[in-house]
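Engineer:
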Amino acid sequence: FQAQAAIAALHADAPTAEETDWVQIVEWYDELAGLTDSPVVRLNRAVAVGEADGPRAGLAELAALSDTL
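Note that the numbering used here has the sequence shown beginning at 1, numbered continuously upward.
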């Protein structure tokens, strides 16, 4: 639950979506993905990657997940 709380805190602490620390959120999703094999975690991570690294990176992550979702 600590990883989920950290992700929620990063969202809550950011004054705007643009100021959200997406890189750190991706890191927490990496941690969470190591603890669970949830497709929802992997999907959420792909969204965070898209925010951190741009739409192409996020879409590439989604494409890699297409068979598992």
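Idealized CB from N, CA, C, for every residue including glycine.
All figures in this text were calculated on a predicted structure; none of them were measured in a lab.
1. Is residue 43 helix, strand or coil when you go by DSSP?
2. What do you get for residue 50, buried or exposed, if any count of 16 or more other CB atoms within 10 angstroms of its CB means buried?
3. So residue 68 and residue 39 are in contact, right, with Cβ under 8 Å, and what is the actual spacing, rounded?
4. Would you mind giving the Cβ-Cβ distance between residue 35 and residue 3, rounded to the nearest angstrom? I have them listed as a contact below 8 Å.
5. Give a yes or no on whether the C-beta atoms belonging to residue 22 and residue 52 are separated by under 8 Å.
Structural biologist: Quick answer:
1. For the purposes of this step, residue 43 is identified with residue 43 of the sequence shown, where counting begins at 1. If DSSP states are grouped into helix, strand and coil, residue 43 belongs with the helices.
2. Here residue 50 corresponds to residue number 50 of the sequence shown, with the count starting at 1. By the 10 Å Cβ count, residue 50 comes out buried.
3. Position 68 of the sequence shown, counted from the first residue, corresponds to residue 68. Position 39 of the sequence shown, counted from the first residue, corresponds to residue 39. The pair is a contact, with the Cβ atoms about 6 Å apart (cut-off 8 Å).
4. Here residue 35 refers to the residue found at position 35 when the sequence shown is read from its first residue. Here residue 3 refers to the residue found at position 3 when the sequence shown is read from its first residue. Contact flag correct, Cβ pair sits at about 7 Å.
5. Counting from one through the sequence shown, the residue named residue 22 turns up at place 22. Counting from one through the sequence shown, the residue named residue 52 turns up at place 52. Going by C-beta atoms, residue 22 is nearer than 8 Å to residue 52.
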